[in-house]
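In terms of our numbering, the sequence shown is residues 13 to 182. Glycine is no exception: its CB is placed at the ideal position from the N, C-alpha and C atoms. All figures in this text were calculated on a predicted structure; none of them were measured in a lab. Contents: one structure, followed by commentary.
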Amino acid sequence: MSRTKKVDYLAGYAAELQQQADTLIESGKLPDYLRKRYSGHHSVTSSKALYHYTLELKSSYLRQSAPLSKVEYDDKIDVIQNALGLHTHISRVQGNKLKAKKEIRIASLFKRTPEPFLRMIVVHELAHIREKQHNRAFYKLCQHMEPDYHQLELDLRLYLTCIDRFGPVF
13 MSRTKKVDYL
23 AGYAAELQQQ
33 ADTLIESGKL
43 PDYLRKRYSG
53 HHSVTSSKAL
63 YHYTLELKSS
73 YLRQSAPLSK
83 VEYDDKIDVI
93 QNALGLHTHI
103 SRVQGNKLKA
113 KKEIRIASLF
123 KRTPEPFLRM
133 IVVHELAHIR
143 EKQHNRAFYK
153 LCQHMEPDYH
163 QLELDLRLYL
173 TCIDRFGPVF
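Okay, structure coming up:
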């Protein structure tokens, strides 16, 4: 079956799983599937609230990691061109000292999603504090912070596909 979406968010998944997704998409049942699994929006809609939300997760799982300088929603993150979130590490010399800043930026799209999707993205970006690459240790850390990480990542990709095909779901 040929895929007609602008971006194939499911490209890395097994053919059988992609076929199941195609069946949901072509039958028009994908929005209903997502609505049954997830409900409404979360209340973390400001960058200040996102900062506190992220620090709460960080203090639960990554206490020994470097502090975060900034966490905010970013309107400039284009889901298709860049990513869903960004993490940056900035080192600057100030006098005799080397100052390191760590920042997390989350696409503004996540202001209007179910909380599990926001949590998955925040967990993903927090995991990059310890593990820079998407390797086995990175995904193990993601699963430690969010046991349903892989299912949430798949459902988020289905959600993005749904937005492309059917418009906003929630």
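DSSP state of residue i mapped onto helix, strand, coil
| i | result |
| --- | --- |
| E68 | helix |
| A27 | helix |
| E38 | helix |
| D86 | strand |
| V181 | coil |
| L80 | coil |
| R75 | coil |
| Q145 | coil |
| D44 | helix |
Residue j beta carbon less than 8 Å from that of residue i
| i | j | result |
| --- | --- | --- |
| T173 | I37 | yes |
| R65 | V134 | Sequence inspection shows Tyr at residue 65; the Arg mentioned does not correspond to that position. Yes, they are a contact pair. |
| L69 | L138 | yes |
Nonlocal neighbours in the same chain, by C-beta distance under 6 Å from residue i, ignoring five residues either side
| i | result |
| --- | --- |
| L22 | Q30, A33, R169 |
| L80 | K114 |
Own chain partners of residue i with C-beta closer than 8 Å, once the 5 adjacent residues on each side are dropped
| i | result |
| --- | --- |
| F129 | Y50, F122, L164, D167, L168, Y171 |
| F178 | G40, L42, P43 |
| S55 | A61 |
Limits of the unbroken alpha helix (DSSP H) element including residue i
| i | result |
| --- | --- |
| R169 | 161-178 |
| H136 | 127-142 |
| L153 | 148-157 |
Terminal residues of the beta strand (DSSP E) in which residue i lies
| i | result |
| --- | --- |
| K111 | 109-119 |
Cutoff 7 Å; reference residue i; Cβ partners in own chain excluding five residues on either side
| i | result |
| --- | --- |
| H156 | Y73 |
| T57 | K123 |
| G52 | P126, F182 |
In DSSP terms, what residue i is bridged to
| i | result |
| --- | --- |
| Q106 | K109 |
| G97 | I118 |
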